[in-house]
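Asker:
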Amino acid sequence: MVVALSRRHSLRHLVRLSLHVFPTLSCAVGKTLGAVNCSLRSVASETGEGELSTSVAWYVSASKSNYKVLNRYLRSGRQPQQPDLEKRVLAIDTLVAASPLQSVSTQVFRGFSSWSFATEVRVGDRVRDLAYMSASLNRSVANFYARRDVVVAEDLENSVLLELTVPASVRLMRVAWSKTTTDEEEVLLPRETEFQVESEQLWRGVRVLQCTVLVPHMPRRS
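If you're matching positions, the sequence shown starts at 1 in UniProt numbering and goes up one per residue.
Laid out in structure tokens, this is it:
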């Protein structure tokens with residue numbers, strides 16, 4: 001089964017992630033581009049270097065939760081189109097495309113709480129996220145986000161931790177972090193990233209899914 005993360009499908013065919021899926025991206029705006037290990041000169045002509053910087057800073061603004069606004073728009077199918085958000089999409093796509101390829105496969109981690117994901121997704125399923133997928137190079141960070149909504153033991157039933165193996169051919173955009181969030185080690189995967197669930201286990205009450213990111217591609221543009 002292929003599960004698409006959008007907002008236009010019935011629960012049977014769709015995993016509706018809660019707003020808690022995306023960890024808070026608390027970043028130092030001035031350091032954002034410095035943490036993206038790539039040259040912008042080759043891509044700045046398309047969107048303008050200032051637009052690249054502004055859009056990433058806008059996206060990672062934790063205080064305004066702009067990443068929720070943009071990802072909700074992407075999961076809606078980008079209809080009706082919003083020119084301002086489309087400009088952000090183009091800029092972030094450009095940065096992701098300019099990020100360096102990994103020399104070897106990389107494992108990244110993503111933790112969240114979602115009843116629908118915990119109950120609908122099974123081993124063998126393929127999941128495609130129409131939005132930008134945020135993850136961490138640090139497993140303990142993902143474990144924190146998988147558990148942060150747990151108040152009583154029953155809440156663990158909704159806790160999910162993804163262990164994503166990312167092939168060397170997939171580009172990861174490394175996001176800057178401030179001194180107060182040095183352990184988050186945020187990365188963004190391209191929007192429309194698809195992964196397959198290979199296996200699962202229960203670890204201290206959290207459902208852990210071992211996944212492989214599938215054929216890399218840059219998403220289509222409108």
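By construction, the Cβ of each residue, glycine as well, lies at the ideal position given by its N, Cα and C atoms. Every value quoted in this text rests on a predicted model; they were computed, and no experiment measured them.
Under the criterion of a Cβ to heavy atom distance below 6 Å, does residue 143 qualify as lining the ligand NAD?
Answerer: Absence of the ligand NAD is noted for the structure shown, with no ligands found whatsoever.
Asker: Between the C-alpha atoms of residue 119 and residue 205, what's the straight-line distance to the nearest angstrom?
Answerer: What you label residue 119 is simply residue 119 of the sequence shown in a count that begins at 1. What you label residue 205 is simply residue 205 of the sequence shown in a count that begins at 1. Residue 119 and residue 205: Cα-Cα distance of roughly 15 Å.
Asker: Along the chain, which unbroken stretches of the alpha helix (DSSP H) at least 4 residues long are found entirely within the UniProt domain "ADP ribosyltransferase" (64 to 199)?
Answerer: Those alpha helix (DSSP H) runs which fall completely within the UniProt domain "ADP ribosyltransferase" (64 to 199) and span 4+ residues are 66 to 75, 83 to 98, 115 to 120 and 139 to 147.
Asker: What's the C-alpha gap between residue 12 and residue 59?
Answerer: Position 12 of the sequence shown, counting from 1, holds the residue named residue 12. Position 59 of the sequence shown, counting from 1, holds the residue named residue 59. In this predicted model, residue 12 has a pLDDT of only 32, less than 50, meaning its place in the structure is not dependable; the value taken from the coordinates is given anyway. Rounded to the nearest angstrom, the two C-alpha atoms are 31 Å apart.
Asker: Note down the Cα distance separating residue 212 from residue 198, rounded to an integer number of angstroms.
Answerer: Sequence index remark: in the sequence shown, residue 212 carries index 212 (1-based). Sequence index remark: in the sequence shown, residue 198 carries index 198 (1-based). Using only the alpha carbons, I get a separation of about 7 Å.
Asker: Compare the Cα-Cα distances from residue 94 to each of 128, 55 and 75 and report the closest residue.
Answerer: As a working note, residue 94 is residue 94 in the sequence shown. Comparing Cα-Cα distances from residue 94 to each of 128, 55 and 75, the minimum goes to 55.
Asker: Since residue 75 and residue 135 are thought to touch, with beta carbons under 8 Å apart, how far apart are those beta carbons, to the nearest angstrom?
Answerer: What you label residue 75 is simply residue 75 of the sequence shown in a count that begins at 1. What you label residue 135 is simply residue 135 of the sequence shown in a count that begins at 1. In fact, because the Cβ distance is near 17 Å, the residues do not count as touching under 8 Å.
Asker: Among residues of its own chain, excluding the 5 on either side of residue 156, which ones have a beta-carbon nearer than 7 Å to its beta-carbon?
Answerer: Within the sequence shown, residue 156 is the residue found at index 156, counting from 1. Taken in chain order, the residues that qualify are 150, 205 and 206.
Asker: Can you tell me where the beta strand (DSSP E) with residue 207 in it begins and where it stops?
Answerer: Within the sequence shown, residue 207 is the residue found at index 207, counting from 1. Counting along the chain, the beta strand (DSSP E) containing residue 207 begins and ends at 206 to 213.
Asker: Out of 169, 192 and 184, which one is the CA nearest neighbour of residue 99?
Answerer: As a working note, residue 99 is residue 99 in the sequence shown. For the residues 169, 192 and 184, the minimum Cα distance to residue 99 belongs to 169.
Asker: Taking the alpha carbon of residue 141 as the reference point, which residue from 201, 124, 153 and 161 has its own alpha carbon closest?
Answerer: As a working mapping, residue 141 is identified with position 141 in the sequence shown. It is 161.
Asker: Give me the Cα-Cα distance between residue 96 and residue 171, rounded to the nearest whole angstrom.
Answerer: If you number the sequence shown from 1, residue 96 lands on position 96. If you number the sequence shown from 1, residue 171 lands on position 171. The straight-line gap from Cα to Cα measures roughly 7 Å.
Asker: Please report the Cβ distance between residue 163 and residue 121, rounded to the nearest whole angstrom; I am assuming they are in contact, meaning their Cβ atoms lie under 8 Å.
Answerer: Stepping through the sequence shown from its first residue, residue 163 is reached at position 163. Stepping through the sequence shown from its first residue, residue 121 is reached at position 121. Rounded, the Cβ-Cβ distance is 14 Å, inconsistent with contact.
Asker: Look at the alpha carbon of residue 110 and the alpha carbon of residue 143, and state the distance between them as a whole number of angstroms.
Answerer: Residue mapping note: residue 110 aligns to position 110 of the sequence shown, counting from 1. Residue mapping note: residue 143 aligns to position 143 of the sequence shown, counting from 1. One C-alpha to the other measures close to 8 Å.
Asker: Would residue 214 and residue 200 qualify as a contact pair, given that the criterion is a beta-carbon distance under 7 Å?
Answerer: Position 214 of the sequence shown holds residue 214. Position 200 of the sequence shown holds residue 200. No. Outside cutoff.
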